[in-house]
Amino acid sequence: MKRHILKIIVVFVIVFSLTQCSEDQAETLVEPEVVTVTDADGNVYRTVTLGDQTWMLENLKTTKFNDGTPIEEYTPGENWNGEGRTLPLFQWASTLDLNNSFDEELPRDFYGAMYNHAAIESGKLAPEGWRIPSEQDWIQLRNFLASNGHLGIEGLALKSASGWVDSSGNGNNAFEFNGLPNGYVDAVGTPKADGIICTWATSNFDAANFRRRVIGLFDVNEMLFQDQSMLLGSGIRCVKN
């Protein structure tokens with residue numbers, strides 16, 4: 004009888020221990036917290052930490068500065084760089100999908116907003132605690148990608164896995180950065196090359212030559228670092244201060 008009772012006790016202890024282990028394991032399998040940031044319009048952006056940097060996973064689409072001041076929306080036919088190039092303006096990147104890359108109609112903010120020189124230079128585009136990245140910020144990101152298995156294909160790792168025309172090619176979106184082909188805005192305010200090229204403005208501006216440093220993704224595997232006229236418009240991808 005005593006042996007029978009002892010066996011029951013041993014079985015109970017084993018079952019109890021296994022139950023506790025299962026509960027402990029369940030606690031350790033909790034999904035990691037998704038960190039987000041909200042702009043002045045209330046748009047919420049997911050973020051990713053890559054090395055020592057934290058980046059937004061979408062292009063900026065605010066229509067207000069971080070102090071709540073509205074940014075004027077560009078009206079086609081007017082001056083994209085009006086009032087002596089001092090009037091901040093935005094417009095939505097074209098979503099006409101002339102290359103038939105998508106089956107469904109795209110929302111107007113799918114690629115984010117495109118900003119003119121005055122808006123970029125305002126210093127108030129990014130949410131509080133964030134900034135428009137400098138060229139050096141992008142170089143640091145490129146170095147991180149290169150040292151984490153993507154040497155020479157850093158641009159491919161940043162590009163979205165769908166939505167690009169065949170001639171430009173999709174990326175592998177290795178870090179969920181989801182670089183979409185937002186195109187650019189030409190000097191007279193016309194959106195160009197959506198589906199073909201991605202452009203992101205940096206904070207680096209050469210006032211002597213009226214040129215801004217811009218990061219691009221195109222039909223090569225690398226990230227492109229280029230100077231473009233201050234009259235053109237680009238998208239913005241923010242990095243945390």
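All letters in the sequence shown, in the order written, are residues 4 to 244 by our numbering. Backbone N, C-alpha and C fix where the C-beta goes; we use that ideal spot for every residue, glycine too. Since the model is a prediction, treat every value here as computed from it, not as a measurement.
- Looking at Asn207, Ala210, Gly158, Asp55, the one whose alpha-carbon comes closest to that of Ala177 is Gly158.
- The beta carbon of Asn224 lies closer than 8 Å to those of Gly155, Ile156, Glu157, Gly158, Leu159 in the same chain, with the five residues before and after it left out.
- Arg88 sits close to Ala121, with the two beta carbons spaced by under 8 Å.
- According to DSSP, Leu183 shares a beta bridge with no other residue.
- In this structure the stretch 97-109 does not lie against the stretch 71-88, because fewer than three pairs of beta carbons, one per stretch, are closer than 8 Å.
- For Phe93, the closest alpha carbon among the candidates Lys243, Ile239, Asn244 is that of Ile239.
- Inside the stretch 91-139, DSSP marks whole beta strand (DSSP E) runs of 3 or more residues at positions 92-95, 116-118, from first to last along the chain.
- Leaving aside the five residues that flank Asn175 on each side, the residues in its chain whose CB is nearer than 7 Å to its CB run, in chain order, Leu159, Ala160, Ala164.
- For Ile74 against Lys67, the beta-carbon gap comes to about 6 Å, under 8 Å, which counts as contact.
- Distance from the CA of Glu138 to the CA of Lys195, rounded to the nearest whole angstrom, comes to 23 Å.
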